[in-house]
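Report on one structure; see the data block that follows.
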Amino acid sequence: MRLNTLKPAEGAREDRKRVGRGIGSGLGKTAGRGHKGSFARSGKGKIRAGFEGGQMPMHIRLPKVGFRSKTAGDTAEVMLYQLDKLEAGEVDFAALRAARLVPSTAKRAKLVAKGELTKKFVLKGVLATAGAKAAVEAAGGQVGE
Numbered sequence: 001m002r003l004n005t006l007k008p009a010e011g012a013r014e015d016r017k018r019v020g021r022g023i024g025s026g027l028g029k030t031a032g033r034g035h036k037g038s039f040a041r042s043g044k045g046k047i048r049a050g051f052e053g054g055q056m057p058m059h060i061r062l063p064k065v066g067f068r069s070k071t072a073g074d075t076a077e078v079m080l081y082q083l084d085k086l087e088a089g090e091v092d093f094a095a096l097r098a099a100r101l102v103p104s105t106a107k108r109a110k111l112v113a114k115g116e117l118t119k120k121f122v123l124k125g126v127l128a129t130a131g132a133k134a135a136v137e138a139a140g141g142q143v144g145e
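According to the UniProt record's numbering, the residues represented by the sequence shown are 1 to 145, in order.
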């Protein structure tokens with residue numbers, strides 16, 4: 001076997017469709033695009049997502065459901081086990097941001113009861129769930145607004 005004799009297996013590669021090469025080719029004149037319509041034109045064969053041929057689209061026909069709060073993404077959740085990695089003492093929003101527990105886009109933080117808390121923390125300006133508040137106080141700390 002030599003490199004110059006290598007060929008792909010029979011039928012592995014198909015010749016490309018050569019369109020617009022005369023009436024005898026079977027793909028002349030309209031070149032397989034049919035007559036008129038958007039798909040017959042060049043550069044017009046795309047239909048945007050959700051387009052239903054001019055009929056009122058499904059996403060407009062159906063009613064809007066529920067409520068999306070504009071401020072929901074402003075609050076970052078901090079778990080107890082994440083807080084436990086910090087040094088014990090006074091913790092505020094700036095300290096959480098410095099420790100990279102809170103993203104830069106967040107405007108406030110909320111402590112959530114997930115994991116264990118072994119150190120004593122005094123939280124200032126940080127929201128807390130009832131379970132998280134109980135866990136902080138059980139560890140000897142306190143949650144203040």
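Here a beta-carbon is modelled for each residue, glycine too, at the ideal position from N, C-alpha and C.
Residue from the options whose Cα sits closest to the Cα of residue i
{"i": "Val-112", "options": "Asp-92, Ala-138 and Val-78", "result": "Val-78"}
{"i": "Lys-17", "options": "Ala-130, Ala-88, His-59 and Arg-33", "result": "Arg-33"}
{"i": "Leu-101", "options": "Lys-36, Asp-84, Gly-89 and Ser-42", "result": "Asp-84"}
{"i": "Ala-94", "options": "Arg-108, Met-1 and Glu-87", "result": "Arg-108"}
{"i": "Lys-120", "options": "Ser-104, Leu-96, Arg-97 and Leu-86", "result": "Leu-86"}
Close-in-space but distant-in-sequence residues of the same chain around residue i (CB under 8 Å, 5 per side omitted)
{"i": "Arg-21", "result": "Leu-27 and Gly-28"}
{"i": "Glu-52", "result": "Met-58"}
{"i": "Thr-118", "result": "Asp-84 and Ala-139"}
Whole-angstrom distance between residue j and residue i, CA atom to CA atom
{"i": "Val-65", "j": "Lys-46", "result": "30 Å"}
{"i": "Val-126", "j": "Ala-135", "result": "15 Å"}
{"i": "Ala-132", "j": "Arg-61", "result": "44 Å"}
{"i": "Glu-10", "j": "Ala-31", "result": "28 Å"}
{"i": "Gly-137", "j": "Gly-144", "result": "According to the sequence displayed, residue 137 carries Glu and not Gly. Taking the straight line from one Cα to the other gives about 11 Å."}
{"i": "Ala-12", "j": "Ala-40", "result": "30 Å"}
{"i": "Arg-2", "j": "Ser-25", "result": "36 Å"}
{"i": "Thr-71", "j": "Pro-63", "result": "23 Å"}
{"i": "Arg-97", "j": "Ser-42", "result": "53 Å"}
6 Å Cβ shell around residue i - same chain, five flanking residues per side excluded
{"i": "Val-122", "result": "Glu-90, Gly-141 and Gln-142"}
{"i": "Gly-115", "result": "Met-79, Leu-80 and Tyr-81"}
{"i": "Lys-110", "result": "Thr-75, Glu-77 and Leu-127"}
The alpha helix (DSSP H) enclosing residue i, as first and last residue numbers
{"i": "Met-58", "result": "58-61"}
{"i": "Val-136", "result": "130-138"}
Beta-bridge partners of residue i, as assigned by DSSP
{"i": "Asp-92", "result": "Lys-124"}
{"i": "Glu-87", "result": "Glu-87 pairs with nothing; no bridge assigned."}
{"i": "Val-112", "result": "Met-79"}
Contacting residues, own chain, Cβ-Cβ under 7 Å from residue i (five flanking each side not counted)
{"i": "Ala-106", "result": "Asp-74, Thr-75 and Ala-76"}
Continuous beta strand (DSSP E) stretch holding residue i: start and end
{"i": "Glu-77", "result": "75-79"}
{"i": "Val-143", "result": "142-144"}
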